[in-house]
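Asks: Supplied in structure tokens, the structure appears directly below.
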Amino acid sequence: MQTRIVVLGDAWELLKFFNDDQYVIDPKAAAKELGPDGAAVLDAALAALTSVTDWTAPLIEAALKDALIEGLALKPRKAFSPIRVAATGTTVSPPLFESLELLGRDRSMQRLRAARQLVGHA
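Numbered by the working numbering, the letters in the sequence shown go through residues 574 to 695 in order.
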């Protein structure tokens, strides 16, 4: 995170997604990352994360890489950007896997499912 924060005031913008009252998906981020391709990414991510038994960043990362990079043959940006937008509401955030770990399984999965509904049906 320290590479993304220039002054302490920058921290709030990057961390406000942890507060459920402040969490909203930015419409520009949604338009960019939650388009038609986002549905397949979110479906695969939800399926992969369901099987993660210990909700830690390394296991979350391994499950998502296996499902999206190996399984769907996506480049990392295409694989993880829709998940980042779903989880944090924006395209810029602290490291994704650590953010998902800190959000916890229930909140992470709830946000991914809600974003998937925004995309509609594939």
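Glycine residues also receive a C-beta, built at the ideal position from the N, C-alpha and C atoms.
1. What whole-angstrom Cβ distance do alanine 618 and alanine 640 have, given they're in contact under 8 Å?
2. Skipping 5 residues on each side, what residues in its chain have a beta carbon closer than 8 Å to that of leucine 637?
3. How would you call glutamate 643, buried or exposed, if buried means at least 16 neighbouring beta carbons within 10 angstroms?
4. Look at the alpha carbon of glycine 677 and the alpha carbon of glutamine 683, and state the distance between them as a whole number of angstroms.
5. Which whole-angstrom value is the C-beta distance of leucine 673 and alanine 688, which I expect to be below 8 Å?
6. Figure out for me which residue from Val692, Leu645, Ser681, Gly693 has the closest Cα to the Cα of tyrosine 596.
Replies: Answer, in terms of the structure:
1. 7 Å
2. In the same chain as leucine 637, and ignoring 5 residues on each side of it, the C-beta atoms closer than 8 Å to its own belong to Ala618, Ala621, Leu622, Ala652, Phe653, Ile656, Phe670, in chain order.
3. exposed
4. Whole-angstrom Cα-Cα distance: 10 Å.
5. Not confirmed; about 13 Å, so no contact.
6. Ser681
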